[in-house]
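A.B. asks: Quick one: the structure is below, questions incoming.
Residue numbers (our numbering): 79 to 221.
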């Protein structure tokens, strides 16, 4: 997400991984207003953004591979992004109570989300590279 609270403070959903302690160290640095803004962004913008990029990845993969099953892969990102959002909202809403198990599960969802994003980018890049190689081979055969 591009929502910012304070330029020096990281957002949990932009981390690759974090411990429950690190999550709450970050949350504790937010002012009350920053926590409310982050909560609002998670409940609005970050509900729409995962849908947009999941459909975009799905569309691109479908165009490249013409494979509907493979094209559904990016929707796994959506599931883990929403699990992450639910955890972040729960932690922010219940602050100053520290829900360490929720923080742990949220970090796992965050890590899996980024892993799946990476896989989607690799799938897209591989497909584009393969199409490029095929195009170059066909072009050379015509000459």
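Glycine is no exception: its CB is placed at the ideal position from the N, C-alpha and C atoms.
Owing to the predicted nature of the structure, the values given are computational and were not obtained by experimental measurement.
Write down every uninterrupted run of the beta strand (DSSP E) in the segment 80–161 whose length is 3 residues or greater and which is fully enclosed by it, in chain order.
C.D. replies: Correct list: empty.
A.B. asks: Quick check on this structure: which residue in 176, 200, 165 and 197 has the alpha carbon closest to the alpha carbon of residue 183?
C.D. replies: In the chain shown, the residue the question calls residue 183 occupies position 105. Of 176, 200, 165 and 197, the residue nearest in Cα terms is 165.
A.B. asks: Taking the straight line between their C-alpha atoms, what separation do you get for residue 72 and residue 145?
C.D. replies: Absent from the structure is residue 72, since the part of the chain shown begins at 79 and ends at 221.
A.B. asks: Pick from 89, 187 and 152: whose alpha carbon is nearest that of residue 201?
C.D. replies: Start at 1 with the first residue of the chain shown, and residue 201 comes out as number 123. It is 152.
A.B. asks: Examine the Cβ distances between the segment 204–218 and the segment 117–127 and report whether three or more of them are shorter than 8 angstroms.
C.D. replies: No contact exists between the segment 204–218 and the segment 117–127.
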